[in-house]
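Have a look at the structure below before the remarks.
Residue numbers (the numbering used here): 18 to 287.
Dropping the structure here:
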């Protein structure tokens, strides 16, 4: 079994997040640090450590085999307020997305699916289903995320065209940095607001299929637009509906099936 899949099945995080942990040198197998992929293990006999803490891979895999995804796993949709950290714990004592999960589920080794920085608001899913998280975040499945972005100033048509063409952003890697193209699936101006008292601003609707760390903010900064507010308003077919900031809800079987259908549709389109 691939190391990152075993870690995801154990509830450590989504597969892409587990890959990043491995490449960062945080994972050891039988006492040896692993820093390259692919890497295969036997979860029944190999000892895997994350940050020198042993992971319970065998029991996690056994639980996965004993349940269907809908019966054995939890899926929670959260409308994240500003200032909340998208992790399950924080050494500085800041509020995390786990604070908005029903207390009965907080021992289920839940983890957030993807990223949403502290300054941003809106929808994020947390789960203990590693395969599901992998499908929602991996570029090949192409699940869309939609955002409502408020920028300072009045955006021009030229700036919008530059966003539509995409641009190269420098991304840190374990070996240094690499330049990769950032591309919005779509971007349009919702409204331009002329306001002498509060300052002019532009509201954009942005759709992404792949979201890198602070990608929207970085792209807008490159064309001279400063983000004032950024809200994720949709993940695939899911929207907030009546879910207010700071509220959460358990996703039912139909919601999970709709998300799985979105991953299949995205894979066909890619």
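C-beta atoms are modelled at their ideal positions from N, C-alpha and C, and glycine is treated no differently.
CA-to-CA distance, residue 55 to residue 20, given in whole angstroms: The count along the chain shown starts at 1 and reaches residue 20 at position 3. The count along the chain shown starts at 1 and reaches residue 55 at position 38. Near 8 Å, if we compare the C-alpha coordinates of residue 55 and residue 20.
CB-CB length for residue 91 against residue 154, believed under 8 Å: By 1-based counting over the chain shown, the position of residue 91 is 74. By 1-based counting over the chain shown, the position of residue 154 is 137. Wrong, their Cβ atoms sit about 18 Å apart, outside the cutoff.
Sub-9 Å separation of residue 127 and residue 166 beta-carbons: Here residue 127 is taken as the residue at index 110 of the chain shown, counted from 1. Here residue 166 is taken as the residue at index 149 of the chain shown, counted from 1. No. Outside cutoff.
Backbone secondary structure at residue 86 - three-state DSSP: Stepping through the chain shown from its first residue, residue 86 is reached at position 69. For residue 86, the pLDDT reaches just 42, beneath the cut-off of 50, and the residue's location in the model is therefore unreliable, leaving the point undetermined.
Element boundaries [alpha helix (DSSP H), containing residue 174]: Walking along the chain shown from the start, residue 174 turns up at place 157. Looking at the DSSP string, the run of the alpha helix (DSSP H) that includes residue 174 is 174 to 182.
Supposed close pair residue 293, residue 262 - CB separation, criterion 8 Å: Outside the displayed range of the chain (18 to 287) lies residue 293, so it cannot be described from this structure.
Distance between residue 53 and residue 64 (C-alpha atoms, nearest Å): As a position in the chain shown, residue 64 is number 47, starting the count at 1. As a position in the chain shown, residue 53 is number 36, starting the count at 1. Cα to Cα, the separation comes out at about 17 Å.
Test item: CB-CB of residue 172 and residue 209 under 9 Å: Within the chain shown, the letter at position 155 stands for residue 172. Within the chain shown, the letter at position 192 stands for residue 209. In terms of Cβ geometry, residue 172 and residue 209 form a close pair [threshold 9 Å].
Range covered by the beta strand (DSSP E) that runs through residue 37: By one-based count along the chain shown, residue 37 stands at place 20. Run containing residue 37: none in the beta strand (DSSP E); it sits in the alpha helix (DSSP H), 32 to 40.
Backbone CA spacing between residue 279 and residue 214 [nearest angstrom]: By one-based count along the chain shown, residue 279 stands at place 262. By one-based count along the chain shown, residue 214 stands at place 197. A direct Cα-to-Cα measurement between residue 279 and residue 214 gives close to 43 Å.
Beta-carbon spacing of residue 97, residue 114 below 9 Å: The sequence position of residue 97 within the chain shown is 80, counting from 1. The sequence position of residue 114 within the chain shown is 97, counting from 1. Closer than 9 Å, so yes.
Beta-carbon proximity of residue 249 to residue 141, cut-off 9 Å: As a working note, residue 249 is residue 232 in the chain shown. As a working note, residue 141 is residue 124 in the chain shown. The criterion of a C-beta distance shorter than 9 Å is satisfied by residue 249 and residue 141.
Whole-number beta carbon distance between residue 174 and residue 200, since they are thought to touch under 8 Å: Stepping through the chain shown from its first residue, residue 200 is reached at position 183. Stepping through the chain shown from its first residue, residue 174 is reached at position 157. Going by Cβ atoms, the distance from residue 200 to residue 174 rounds to 19 Å, so no, they are not a contact pair.
DSSP three-state assignment for residue 163, whether helix, strand or coil: Along the chain shown, read from residue 1 onward, the residue named residue 163 stands at position 146. Residue state for residue 163 is assigned as strand, using DSSP reduced to three classes.
Limits of the beta strand (DSSP E) - the one that residue 246 falls within: Start at 1 with the first residue of the chain shown, and residue 246 comes out as number 229. Residues 244 to 252.
Residue range of the unbroken alpha helix (DSSP H) whose run includes residue 154: For the purposes of this step, residue 154 is taken as the residue at position 137 of the chain shown. Per DSSP, residue 154 belongs to the alpha helix (DSSP H) from 147 to 154.
Residue nearest to residue 242 in terms of C-alpha spacing, selected from 217, 251, 227: The count along the chain shown starts at 1 and reaches residue 242 at position 225. Comparing Cα positions, the closest option is 217.
Counterpart residues of residue 139 in DSSP-defined beta bridges: Locating residue 139 in the chain shown gives position 122, where the first residue counts as 1. Bridge partners of residue 139: 97, 249.
Alpha-carbon spacing of residue 34 relative to residue 170, whole angstroms: Numbered from 1 along the chain shown, position 17 holds the residue referred to as residue 34. Numbered from 1 along the chain shown, position 153 holds the residue referred to as residue 170. Distance between the alpha carbons of residue 34 and residue 170: 35 Å.
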